[in-house]
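Protein chains in written order, with our numbering: chain A, 174 to 342; chain B, 763 to 1243. Glycine included, C-beta positions come from ideal geometry on N, C-alpha and C. See below for the structure under consideration.
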C-alpha cells in the first residue's frame, strides 16, 4: 500500500484556488480528500468545496428527548408514589408536571449541546497535514490528502490552476 | 491596551478610503488593507511601557481589594455583622452588571449578521475573563450571607423548603457556570487568532498560541464548527446570564428585606447589565483607540451603532424601573411604603438620585442628540457616566438590603428603616480593588491575542466594499452565511 501524502498548493487569488478545487474534482480525487485552508472564514461553498455534514443539531434534540422522558418518569412516579388529591384534581396533574418537564428538557438539551460542541469541534487536530504559516497572512491553501503515487497528479493540478508554491508532507 | 500607542498605518488602500457611515454622503475614515490586519494586530500584543504601568497600577489596586476582603472577613465583627457587607454585596452586583453584560453586546448583533460588530466581538468577549474576579467576590460574600433558616424561622425567598444553604450553593454554581461559558465564548472567538499568534509571533506568545490553537489550520470544516460553537455558546451565555441575575438579585438583595416582593426586579437587574455591558464595551473600545493605536479598526461606525443601542437601553432602564416602582407607588400598603422608604427616599436617597440621574436622565438627554451618538467621544463619556450610575444603583439596592436588621427578617414587612451605612476603608478597597482585578485579567489576556479579532476584522473587510453611489458614498455589505 502506498504511503499517505499531504500536498499543499498556495494561492493568493481566491479564484485560482476555486479553479484548483474544480481541477481536483475533474482529476478524479474523491470529495472529502481535498480542502481549502484560509485565515478567514469564506462564505460556505465559495470554493466549491465539499461541505461535510455535521451532527451538532442532533445533540440538543437527543438531549431534549432524554430530558423529557426522565422528567415525565420522575414527576409521574413521584405523584403515583405519594398520591395527594388536591382540589379534586387527578393524581397525575399535567399542569404541575409541565414546569419540571420543561426545565429538565431544556437542561438536558443544553448539556447535550455542550457535549456536542466538544465532540464536533474537530479539535485537537492531531494530523493537520501540509501547512504554511502564510495562510494566516491571507494566502489560500488547497490541501490534498492522497497516496504517494497520486501526489504527482495532485501537484500537477495545483500548479496548472496557478499555485504559487506546492509543498508536500 | 497595546504598546504602540498612536502608531499610524503606513499603507491604506485608496479605494477603501471611500467607506461611509452606512449610506451617508461623506466618505469615512481610512480602513486598513486586508494584508495589513494581521501584522498590525499581532504587534499590539507586545507589552509597552504604558501597558506595564497600567498593569502595575491595577495589580496594586487588586492587592488593596484582597486586603479589603480579608479585612472584612477577619477584621472587626467579621462575617457576623451583616451590614458591614453591604458594600461588598454592592460590588458583587456592580461587577456582575458591568462585566457580565458585556459579552452579550456582540452576541445578538453577530446572530443578526451585523457586519459592523466584527471589530468589537473580541473586546466584548474579553469581559468574560473579568468574571473570575466577580466569582472571587461572591466566594467571600457567601460567608456572610445568612442561611435560609435562622433561629428556627425561614426567611421568604425563592427557595421554599429547599436546604438552608441553597442560595449559597446555587449562586456559586450559577456564577461559575457563567464565567466558564463566557471564557469558552472568548476562547472560541480567539481560536483562529491563537493560530495566527502561533504562526507570526515569537517567544511565549508563540508557544501559548501553539498550545491553545489546538491544531487549527483553517479548514472549511473548522470554520463551520467555529461559527456553530460561537452561536451556541453565545445563546448559552445569555440563558445563564439571566439565570445568575435572577439568583443574585433575589438571594442577595430582595430576600434580605422583609416584605420586599417585586417580580420586575430581577429583570430590571438583568436589563441594567445589558446597558452597563454596552457602556463598558464602549469604554474599552475608546481605551483601545486612545492607548492601543486601534483607531483604524474601531471606527465611528462601531461607536455610532453602540451609541444607538446604549440610548435604547437607557430608555429601557427607565421603563423597567418605573414598571417595578409603580406597583409599590399605587399599592400603598404598609409593606409597599416601607420598600419605597428603604430603596428610594430613605437612607440611600442620594445614591438613588445619582443612579437615576446617571443611568437614565443624563444618558437620555445627551444621547438623544445625533451629534453626540455619531461621535467617538460622546458615547464614551456617556458610557462612563452610566457605569458610575450603576455603582450608585447597586449601593442603594445592596447597601440598603444588607443594612436591615437580620433579627427582623421574619416579620411580614420592614418596620424599622436602617440608618445610612457609610463605607469604611475596607469597603473602599473592595469597591476599587475587585473591579481592578477584573480589568487586570483582561489586560493580561490582551497580551495573548489582540483585542480586535484578526479573523473577524479580515472578514469585515472581505464582506464589505466601499463604493461611490450616485453622488454619494455607500458601503456594500455581503451577508452570505
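- Remark: fewer than three beta-carbon pairs, one from each stretch, lie closer than 8 Å, so the stretch 999–1012 of chain B and the stretch 834–847 of chain B are not flagged as touching.
- At a beta-carbon threshold of 8 Å, none of the residues of chain B lie near residue 288 of chain A; the nearest stands roughly 11 Å away.
- Out of B:949, B:1197, B:890, B:801, the CA that lies nearest to the CA of residue 1150 of chain B is found in B:1197.
- According to the DSSP assignment, residue 929 of chain B belongs to the alpha helix (DSSP H) that extends over 928–962.
- CA-CA distance, residue 865 of chain B to residue 1206 of chain B, rounds to 18 Å.
- Restricting attention to B:1092, B:1096, B:1138, B:1230, the CA atom closest to the CA of residue 1058 of chain B is found in B:1138.
- Residue 320 of chain A carries a strand assignment under DSSP once its states are collapsed to helix, strand and coil.
- Comparing C-alpha distances from residue 961 of chain B to each of B:1124, B:804, B:1164, B:1228 shows the shortest one belongs to B:804.
- Here residue 276 of chain A carries a helix assignment [DSSP, helix/strand/coil].
- As DSSP reads the structure, residue 916 of chain B sits in a beta bridge with B:911.
- For residue 1007 of chain B, no beta strand (DSSP E) encloses it; the enclosing alpha helix (DSSP H) starts and ends at 982–1013.
- Per DSSP, the beta-bridge partners of residue 1237 of chain B are B:1228.
- Here the C-alpha atom of residue 1237 of chain B lies approximately 36 Å from the C-alpha atom of residue 974 of chain B.
- Within chain A, the residues whose beta carbon sits less than 7 Å from that of residue 985 of chain B are 214, listed in sequence order.
- Counting only the Cα atoms, residue 915 of chain B lies some 24 Å from residue 1095 of chain B.
- A:180 is the residue among A:260, A:238, A:180, A:277 whose C-alpha sits nearest the C-alpha of residue 202 of chain A.
- For residue 946 of chain B, same chain residues with a beta-carbon under 7 Å away, outside a window of 5 residues either side, are 995 in chain order.
- Shown in chain order are the members of the stretch 1204–1223 of chain B whose Cβ falls below 7 Å from a Cβ of chain A: 1217, 1220, 1221.
- Taking the Cα of residue 280 of chain A as reference, the smallest distance to any Cα among A:240, A:194, A:220, A:223 is reached at A:240.
- Using a Cβ-Cβ cut-off of 9 Å, residue 227 of chain A is close to 983, 986, 987, 990 of chain B, given in chain order.
- Residues of the stretch 794–813 of chain B that bring their beta carbon within less than 7 Å of a beta carbon in chain A comprise 796, 797, 800, in sequence order.
- In the assembly as shown, residue 1031 of chain B is a buried residue. Its beta-carbon has 16 or more other beta-carbons within 10 Å.
- For residue 1105 of chain B, the closest C-alpha among the options B:1225, B:1086, B:1123 is that of B:1086.
- Between residue 222 of chain A and residue 208 of chain A, the CB-CB gap stays under 8 Å.
- With respect to chain A, the C-beta atom of residue 873 of chain B has no partner C-beta closer than 8 Å.
- For residue 857 of chain B, the uninterrupted alpha helix (DSSP H) run begins and ends at 848–863, by DSSP.
- Between the alpha carbons of residue 1126 of chain B and residue 1147 of chain B lies a distance of about 11 Å.
- The Cβ atoms of residue 197 of chain A and residue 317 of chain A sit closer than 8 Å to each other.
- Residue 1013 of chain B and residue 925 of chain B do not touch by the CB rule: their CB atoms are close to 13 Å apart, not below 8 Å.
- DSSP places residue 208 of chain A in the uninterrupted beta strand (DSSP E) bounded by 207–210.
- A direct Cα-to-Cα measurement between residue 815 of chain B and residue 1001 of chain B gives close to 38 Å.
- DSSP places residue 810 of chain B in no alpha helix (DSSP H); its state is neither H nor E.
- The C-alpha of residue 1239 of chain B lies about 10 Å from the C-alpha of residue 1229 of chain B.
- For residue 866 of chain B, there are no C-beta contacts with chain A under 7 Å, since the nearest C-beta of that chain is about 17 Å from it.
- Rounded to whole angstroms, the Cβ separation of residue 927 of chain B and residue 1185 of chain B is 28 Å, and the two are not in contact under 8 Å.
- The bridge partners DSSP lists for residue 868 of chain B come to none.
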